[in-house]
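Asker:
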Amino acid sequence: MDRKALLVPCGLVLGSSYLATSIPTTFALDRPLHTVATVLLLSGLAIVAYETRAAKIRRPHHRSERHVAIPLQDGNGRRPSSEEAWPPDEERPFQHHGLSPRALAVMLAALLGLLSARIAVFHAVVKDVECAGPQLTAFLPLVLALYHGFCAPNSRPLLAWSADSPPSTYLDRFVHFFLHGPTRYILPSLLLAISSFITTLRTSVLRSTYICPVSTSAASLVPKLQFFGFLVDCIVALLLYRLVDEGLSQSESVSPEPKDGTTVHGLIGFTFIASALVLGIAGIIVYSALPEHREWLFSAPREYLLGLLRLSLMIPLTMLCFLISARMYGIMGAVLIAAFSFAYIGVLRALAVDVSYSFPPKSTTGVSLCLTLLTIALVLQLVADAIDSGQNRPKMPVRLGRNQTVTVVAVLVFFSIGVGVYRYQRPVPGHPISKLIATANEQHEQWAFQAYQSKSLAQAVIRYQERYSRDPPPHFDKWYEFATNRDTIVIDDYDNIEEDIIPFSSLKPAELRKRTAEILVRNEDLGGIRIRDGKAVIFGNSREEQKWMLDGIVRMIGKFVEFIPDMDLAFNLNDEPRVAVPYQQYQAARMHHLHYPEHTAADGTIDFRLDRASTWTEDAGSPRAFDQAGRKPSFQTYGSIACSPETRARKERRWDTRAFCSACSAPHSMGAFVANWTLSASPCHQPDLANLHGFHLSPAGLSGTHVLVPVFSQSRAPGYADIRYPSPWNYLDKLKYEFGEKFPDHNFAQKDNVLFWRGETTEGFSTSGSWKGMLRQRFVHLMNNETSRQPIFLPTGSKNGRLEYVMERPEQIKDLLETKVDARFVNDVARCEGQDCMDQKLEFWFGKDINFLDHWRYRYLFDTDGPGFSGRFIPFLQSNSVVFKAALFREWYEGRLIAWKHFVPVDLRLHDLFSSLAYFGGYNLRDKRKRTMEPKDKEAEAIARQGKVWTEKVLRKEDMEIYMFRLLLEWGRLTDDRRKDVGFRMDTKGHKGKETENKGGT
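The sequence shown runs 852 to 1853 under the working numbering.
Shown next, in the form of structure tokens:
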């Protein structure tokens, strides 16, 4: 065996495996036409360059005199008869009589046209990939195998008088058909196609809730385009087979090559180049005719360029490995090497999906059978390869012997069986929600205990020092008195403040003041509040309709402003957060945060600088502008840039919006259910969030920056660095919980057993079909429109207490759920343009607005984000209803509320919603003979009661004031020039330390 010859087929295996693994998550398909044009161009150039070099090497060989050694006897001890050709066709040079120049030109022209048509179909399918069905590409090797066996020029039958003629019995004919000659590839290709296609069907059962609209033509057109594309693929594959075969025959022929040195393979390369040029010309036309697309055409992000670079290197190299392998093993041999590589990657990835509490639902047995079937196909191919001695075999420098074949077969069979047994998933005992509720109760008790350990000012100071490794800020005693007078039960845990401000401690006080002034110079939806001599006033150029927010902040601050040092504050007047700092800069800011020196009681309390007002200036020099990032995708440019480059969000692009990403939800889930509410909104392990929320898809008013500037916002998405503060919307009771005779709030058991939601399409600005991925639209569509099958966690039907996920139609699920669903949009379509407005009008039913107090009629209230945080969440919690919440944004009270204790969390993908409703409300109580789940009314009522009671303890207006008071004291210290020294200290007797005047300086 020539070991060097193994490098090329190994390269083909590695290249095919890499493409099978990387294409589902490549950034390169963000711009499919750009990518296809580049890959075709580079592939064509690579083929032309290789063929040019190979032709130069072959020419001296062709020009030299050829001698053929005729042995006296063959390997079986016999002389060749006069009726047999010697040496065999594949071992001797021959005078090549192939395609005529005209036929060759016609085939190349057809290839060029078909490639252009296939690219157009590919672009149309990728554009609406959420409506696509299973791929049929697994059947391409079978198409080629049939052509190779019956139609290819080299598939002529053996001579009737040959000693190798097939025996006459039916069994021998059957064996000969499938294991000998050109037809030996048909059975392995058939089994490979069946295995791969079934694997595709099994893995595509669970689909995302990304909307395939029935109101447009995409739902019916895309599957038809897929089938048409497969037909084009078949024709292209057959053309390439014929051309590659012609090129191989040409390279082995003793006839002279064309004078210009152009080979058939080289002409294939030129055809690829011509296809790329056709796309380039189309791009030039678009550039000239549509000026609005010019910036997009040439503003490729870094992630796309890296993805394009990888494919541009790997695809041409894989093509070259294929051409060389075709010379060594024949075209079908090379095709099956690549096909088996793709197929094994597909089935192994399906088996490798981690399952938690039976989620995601997958038929391990079915996929294992696919692996076994695929292994049988490979075994048949290896056996046929080992025993075949037909005259049409290409010369193979690498070939497995019989012992090696047996070893490989045994390894593959045992591997298939072992993987199937290892990955088998049984139904699980007990329901994950029961465990999550128990865990939430423990977490709540722990949080409540540590948040209110201090029973005196002295204890609060000690706890503060232990928790944050520094002394409390000046006026901490005033804050403590303010908090205790308002009966707060949260004294010690203000970790949210610490998390928000710690990056800013890496900047000097003067720099913080300077950056505040810079961002307030321009009127960019920022409002300024100036605190001087114990009074807060509004300044800046905020719009009149935004003044209510600033008035609310001033009103909140007014309760304690006399203790706040002089400062200027920049408040974000938009719903969306503003500050997203790249990972390296953000981590550097956190690592180099301010370390405070240890002080003793003898140092006394050092107050804020007396002349602070003079340090805040309106003369900021050059104003700092924000980038207008609204109405376009923001996940890569803002949403995920704070993640490590090694995280999935930075390395993967989930362009196939129909596919459910179980690996994305697994880190924060127990089965299908959210187990870590905080982590569930993090973008770093969830690249698919780019397509599942309006803020990432197309925010309405995102005006952001990548510089660490001090902007105070009502909420922020994970990955942003805005400083959170209590929202004026809640503080001013823009939506207030109240009830009366007309709108009573009955006990939980007396309410309608309905999950209720009303809202508008305000989550993002819909353009270019982005509404199909927005959370609100997906929720309403899932609850009302016919969609793909959804998972629901139900008992197995036996009385063993085990449960499993089953896939059912949403209509059937909603019919059997005891809790009904009422979710509608109200008013007209909002925040959209062009065709997106009409598409949503046709897809959804829009009702009339309702009185907010009507919500109290229902047991279950669904709450989700708008363009920012939800202003309805706190009033919902104050009611006697259970709140189901799906949200990306996090507010100032993050951590105070515990998921499964005070509300029911819902994953942003919504795949857990039906299972949660079945758990609390019950399922199929009418027919006990089928899958039935008894309702957990007591658990649901407990969550409603606990959420209401706890909200009235920790989310009051008084709690907002207490939080804001402490936040501004901390910010006052950060912006003080002597921040390392200022602080509140107590003497050994537990009294306030001697106060030292801070006259300024450093």
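Think of the CB as a built atom: it goes at the ideal place given N, C-alpha and C, for glycine as much as any other residue.
Give the C-beta separation of R1870 and F1511 to the nearest angstrom, bearing in mind that I take them to be a contact with Cβ-Cβ under 8 Å.
Answerer: Residue 1870 lies beyond the stretch modelled for the chain, which goes from 852 to 1853, so this question has no answer here.
Asker: Whose C-beta lies closer than 7 Å to the C-beta of V1412 among residues of the same chain, with five residues either side of it excluded?
Answerer: In the sequence shown, residue 1412 corresponds to position 561, counting from 1. Answer for V1412: I1382, G1385, K1386, A1387, listed in chain order.
Asker: Please list, in chain order, all residues of the same chain as G1719 whose beta carbon is under 7 Å from its beta carbon, the five residues on each side excluded.
Answerer: Position 868 of the sequence shown, counted from the start, is the residue given in the question as residue 1719. Excluding sequence neighbours, G1719 sits near D1426, E1427, Q1565, S1566, F1740.
Asker: Taking buried to mean at least 16 other C-beta atoms within 10 Å of its own C-beta, is R1854 buried or exposed?
Answerer: This structure cannot settle anything about residue 1854, because the visible part of the chain is limited to 852 through 1853.
Asker: In whole angstroms, what separates the C-alpha of A1517 from that of L1202?
Answerer: As a position in the sequence shown, residue 1517 is number 666, starting the count at 1. As a position in the sequence shown, residue 1202 is number 351, starting the count at 1. Roughly 16 Å between the two C-alpha positions.
Asker: For the 8 Å Cβ check, are there 3 or more pairs between the segment 1454 to 1464 and the segment 1822 to 1831?
Answerer: yes
Asker: Excluding the 5 residues preceding and the 5 following R1796 in the sequence, name in chain order all residues of the same chain whose CB lies nearer than 8 Å to its CB.
Answerer: As a first step, residue 1796 is located in the sequence shown; it is residue number 945 there, counting from the start. Answer for R1796: F1599, N1731, listed in chain order.
Asker: Have a look at the DSSP bridge pairing and note the partners of D1714.
Answerer: Taking the sequence shown and counting its residues from 1, the one referred to as residue 1714 is at position 863. Its beta-bridge partners are K1736.
Asker: If you run the structure through DSSP and keep just helix, strand and coil, what is L1553?
Answerer: For this step, residue 1553 is matched to residue 702 along the sequence shown. The answer is coil: DSSP assigns L1553 none of H, G, I, E or B.
Asker: Beta-carbon within less than 7 Å of T889's beta-carbon, same chain only, minus the 5 sequence neighbours each way: which residues are those?
Answerer: The residue you call residue 889 lines up with position 38 of the sequence shown. Only L1159, S1163 meet the Cβ criterion.
Asker: Going by the CB atoms, is the gap between L1094 and I1119 shorter than 8 Å?
Answerer: The residue you call residue 1119 lines up with position 268 of the sequence shown. The residue you call residue 1094 lines up with position 243 of the sequence shown. Yes, these two residues count as a Cβ contact at 8 Å.
Asker: Tell me which same chain residues have a C-beta within less than 6 Å of the C-beta of P1283, skipping the five on either side of it?
Answerer: Stepping through the sequence shown from its first residue, residue 1283 is reached at position 432. Hits under 6 Å: Y1208, M1521, G1522, F1524.
Asker: Which runs of the beta strand (DSSP E) spanning at least 3 residues fall entirely within the segment 1193 to 1248, listed in chain order?
Answerer: none
Asker: Suppose you measure from the CA of F1679 to the CA of L1693; what does that come to, to the nearest Å?
Answerer: For this step, residue 1679 is matched to residue 828 along the sequence shown. For this step, residue 1693 is matched to residue 842 along the sequence shown. Position check: residue 1679 holds Asp in this sequence, whereas Phe was assumed. Distance between the alpha carbons of D1679 and L1693 is about 12 Å.
Asker: Over the uninterrupted beta strand (DSSP E) stretch that includes A1387, give me the two end residues.
Answerer: Translated into positions along the sequence shown, residue 1387 becomes position 536. Where A1387 is concerned, the enclosing beta strand (DSSP E) stretches over 1386 to 1390.
Asker: For W1506, tell me which candidate among H1547, T872, D881 has the shortest Cα-Cα distance.
Answerer: As a working note, residue 1506 is residue 655 in the sequence shown. The option with the nearest alpha carbon to W1506 is D881.
Asker: Which residues does DSSP pair with C1688 in a beta bridge?
Answerer: For the purposes of this step, residue 1688 is identified with residue 837 of the sequence shown, where counting begins at 1. The partner list for C1688 (beta bridge, DSSP) is empty, contrary to what the question assumes.
Asker: Tell me where the beta strand (DSSP E) around F1422 begins and ends.
Answerer: What you label residue 1422 is simply residue 571 of the sequence shown in a count that begins at 1. 1418 to 1423 is the extent of the beta strand (DSSP E) around F1422.
Asker: Would you kindly report the start and end of the unbroken alpha helix (DSSP H) that includes I1408?
Answerer: For the purposes of this step, residue 1408 is taken as the residue at position 557 of the sequence shown. For I1408, the uninterrupted alpha helix (DSSP H) segment begins and ends at 1398 to 1408.
Asker: With DSSP as the reference, label T1456 as helix, strand or coil.
Answerer: As a working mapping, residue 1456 is identified with position 605 in the sequence shown. In the structure shown, T1456 sits in a strand (DSSP, three-state: E or B).
Asker: Return the residue from the list P1496, L1530, P1538, A1526 that minimises the CA-CA distance to C1515.
Answerer: Indexing the sequence shown from 1 puts residue 1515 at position 664. Looking at the Cα atoms, P1538 is the closest of the given residues.
Asker: Quick one: is K1789 buried, meaning 16 or more other Cβ sit within 10 Å of its Cβ, or exposed?
Answerer: Position 938 of the sequence shown, counting from 1, holds the residue named residue 1789. It counts as exposed.
Asker: Helix, strand or coil: how does DSSP classify R1675 here?
Answerer: For the purposes of this step, residue 1675 is identified with residue 824 of the sequence shown, where counting begins at 1. In the structure shown, R1675 sits in a strand (DSSP, three-state: E or B).
Asker: Roughly how many angstroms lie between the CA atoms of D925 and V1218, to the nearest whole one?
Answerer: Counting from 1 along the sequence shown, the entry for residue 925 is found at position 74. Counting from 1 along the sequence shown, the entry for residue 1218 is found at position 367. Low confidence applies to D925: its pLDDT is 43, below 50, so where it sits in the model is not reliable, and the reading given next is rough at best. Roughly 48 Å separates the two Cα atoms.
Asker: Is it buried or exposed, G1615, if we count other Cβ atoms within 10 angstroms and call 16 or more buried?
Answerer: Sequence index remark: in the sequence shown, residue 1615 carries index 764 (1-based). Buried, since its Cβ has 16 or more Cβ neighbours within 10 Å.
Asker: Is it buried or exposed, N1347, if we count other Cβ atoms within 10 angstroms and call 16 or more buried?
Answerer: Residue numbering aside, residue 1347 sits at position 496 when the sequence shown is read from its first letter. Flag for N1347 reads buried.
Asker: Look at the alpha carbon of I1749 and the alpha carbon of G1379, and state the distance between them as a whole number of angstroms.
Answerer: In the sequence shown, residue 1749 corresponds to position 898, counting from 1. In the sequence shown, residue 1379 corresponds to position 528, counting from 1. Spanning the alpha carbons of I1749 and G1379 requires a straight line of approximately 34 Å.
Asker: Would you say L1043 reaches chain C, if we count a Cβ-Cβ gap shorter than 8 Å as a contact?
Answerer: Here chain C cannot be found, since the structure has a single protein chain.
Asker: Do D1573 and V1430 have their C-beta atoms within less than 8 Å of each other?
Answerer: Taking the sequence shown and counting its residues from 1, the one referred to as residue 1573 is at position 722. Taking the sequence shown and counting its residues from 1, the one referred to as residue 1430 is at position 579. Closer than 8 Å, so yes.
Asker: Per DSSP, F1524 is paired with what?
Answerer: Taking the first residue of the sequence shown as 1, we reach residue 1524 at position 673. Per DSSP, M1521.
Asker: Can you tell me the Cα-Cα spacing of I1135 and F1149, whole angstroms?
Answerer: Within the sequence shown, the letter at position 284 stands for residue 1135. Within the sequence shown, the letter at position 298 stands for residue 1149. Going from the Cα of I1135 to the Cα of F1149 covers about 12 Å.
Asker: Output yes or no for whether 8 Å exceeds the beta carbon distance between K1587 and P1726.
Answerer: As a position in the sequence shown, residue 1587 is number 736, starting the count at 1. As a position in the sequence shown, residue 1726 is number 875, starting the count at 1. Taking the C-beta atoms as reference points, P1726 is found nearer than 8 Å to K1587.
Asker: Quick check on the DSSP output: the alpha helix (DSSP H) that includes M1442 runs from which residue to which?
Answerer: The sequence position of residue 1442 within the sequence shown is 591, counting from 1. 1434 to 1442 is the extent of the alpha helix (DSSP H) around M1442.
Asker: Between A897, H1443, V1560, P1280, which has its C-alpha nearest L1654's C-alpha?
Answerer: Within the sequence shown, numbered from 1, the residue matching residue 1654 stands at position 803. Of A897, H1443, V1560, P1280, the residue nearest in Cα terms is P1280.
Asker: For the segment 985 to 996 and the segment 900 to 910, state whether three or more C-beta atom pairs, one from each stretch, are separated by less than 8 Å.
Answerer: no
Asker: Per DSSP, what are the beta-bridge partners of R1429 in this structure?
Answerer: Taking the sequence shown and counting its residues from 1, the one referred to as residue 1429 is at position 578. None, per the DSSP bridge assignment.
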